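Numbering (my numbering), first residue to last: 1 to 276.
We put the beta carbon where it would ideally sit given N, CA and C, even for glycine.
Since the model is a prediction, treat every value here as computed from it, not as a measurement.
Below you'll find the structure, written out as structure tokens, and then a few comments.
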């Protein structure tokens with residue numbers, strides 16, 4: 001009779017220790033862990049060599065921002081280094097309501113609702129007109145292919161730092177920002193895929209986040225089927241849920257070019273334009 005209380009209390013202590021110990025993970029780095037930021041950058045870029053393009057089919061974009069909620073369907077094509085095509089339609093309809101293309105030299109966006117055709121250079125601001133992700137065209141392509149937004153990192157003055165994050169079991173690549181904060185990304189050690197990018201202000205609060213989930217493996221690498229961008233200052237929060245991905249698709253050059261539709265109002269846009 002005296003044994004049962006002792007066993008019960010011991011079991012309680014064991015369970016308690018497991019729970020408490022599980023609150024703080026300390027995943028050790030791999031034996032051959034990278035130690036310098038330039039090594040990680042080389043590894044990320046080497047991974048990208050096997051991924052030249054992708055066709056993301058039946059993408060569901062859910063948008064929350066500025067007191068509105070929107071759900072649309074998209075077809076997204078990307079091809080390295082900087083080609084993009086995003087066509088958007090309302091769910092349940094095959095009618096394209098907007099179309100954005102960039103071939104690396106020119107940018108074009110046609111909005112069907114007011115038949116406006118915008119054209120200009122494929123600057124970050126212009127890409128932001130339909131893809132509010134604060135990324136350049138090459139960075140959009142890199143991110144969609146699981147790579148790093150190097151242009152975004154190089155906008156900041158700080159020198160890159162590399163550390164091992166024992167909580168996530170990933171590499172943490174970070175730079176200091178102009179505002180005294182930090183821009184950091186989490187990189188998987190198994191295939192050097194970028195799974196998360198976060199910008200912090202000087203107080204350590206997240207002011208921009210890019211997250212991924214549900215990675216699907218292909219012969220040439222893995223890509224996420226779910227992405228989310230959160231940008232509180234712009235009241236933006238949207239996710240991309242991909243139904244099907246075709247890696248290294250044969251994408252013709254004409255898919256990244258667009259002429260003004262008949263009767264459309266052509267608007268030249270440049271760097272000095274206010275953010276839409």
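Residues bridged to residue i [DSSP beta-bridge criterion]
{"i": "residue 63", "result": "70 and 238"}
{"i": "residue 53", "result": "79"}
{"i": "residue 192", "result": "According to DSSP, which records beta bridges pairwise, residue 192 is partnered with nothing at all."}
{"i": "residue 164", "result": "171"}
{"i": "residue 227", "result": "212 and 240"}
{"i": "residue 266", "result": "117"}
{"i": "residue 84", "result": "78 and 102"}
{"i": "residue 222", "result": "217"}
{"i": "residue 90", "result": "Bridge partners of residue 90: none, in fact."}
{"i": "residue 246", "result": "55"}
{"i": "residue 206", "result": "200"}
Exposed unless 16 or more other CB atoms sit within 10 angstroms - verdict on residue i
{"i": "residue 263", "result": "exposed"}
{"i": "residue 271", "result": "For residue 271, the pLDDT reaches just 47, beneath the cut-off of 50, and the residue's location in the model is therefore unreliable, although a value from the coordinates is still provided. So residue 271 ends up on the exposed side."}
{"i": "residue 21", "result": "Note that residue 21 scores a pLDDT of 49, beneath 50, so its modelled location is shaky and nothing firm can be said."}
{"i": "residue 103", "result": "buried"}
{"i": "residue 219", "result": "exposed"}
{"i": "residue 180", "result": "exposed"}
{"i": "residue 193", "result": "buried"}
{"i": "residue 178", "result": "exposed"}
{"i": "residue 235", "result": "exposed"}
{"i": "residue 36", "result": "exposed"}
{"i": "residue 87", "result": "buried"}
{"i": "residue 259", "result": "exposed"}
{"i": "residue 266", "result": "exposed"}
{"i": "residue 163", "result": "exposed"}
{"i": "residue 33", "result": "exposed"}
{"i": "residue 174", "result": "buried"}
Residue nearest to residue i in terms of C-alpha spacing, selected from the options
{"i": "residue 136", "options": "235, 144, 130 and 151", "result": "151"}
{"i": "residue 217", "options": "105, 259 and 247", "result": "247"}
{"i": "residue 62", "options": "70, 267 and 55", "result": "70"}
{"i": "residue 245", "options": "207, 232, 198 and 221", "result": "221"}
{"i": "residue 122", "options": "89, 108 and 91", "result": "108"}
{"i": "residue 68", "options": "249, 237 and 241", "result": "237"}
{"i": "residue 73", "options": "84, 256 and 93", "result": "93"}
{"i": "residue 159", "options": "141, 144 and 184", "result": "184"}
{"i": "residue 268", "options": "117, 148 and 38", "result": "117"}
{"i": "residue 38", "options": "229, 161 and 147", "result": "161"}
{"i": "residue 189", "options": "110, 66 and 40", "result": "40"}
{"i": "residue 58", "options": "155, 173, 225 and 84", "result": "225"}
{"i": "residue 142", "options": "125, 187, 95 and 80", "result": "80"}
Run of the beta strand (DSSP E) containing residue i, from where it starts to where it stops
{"i": "residue 253", "result": "Per DSSP, residue 253 belongs to no beta strand (DSSP E) and is neither H nor E."}
{"i": "residue 187", "result": "182-187"}
CB contact below 8 angstroms: residue i versus chain D
{"i": "residue 183", "result": "Reference to chain D is not applicable here, since this structure consists of a single protein chain."}
Residue range of the unbroken alpha helix (DSSP H) whose run includes residue i
{"i": "residue 40", "result": "37-48"}
* **Contained alpha helix (DSSP H) runs [length at least 4] in the region 95-151, N- to C-terminal order** => 124-127 and 137-144
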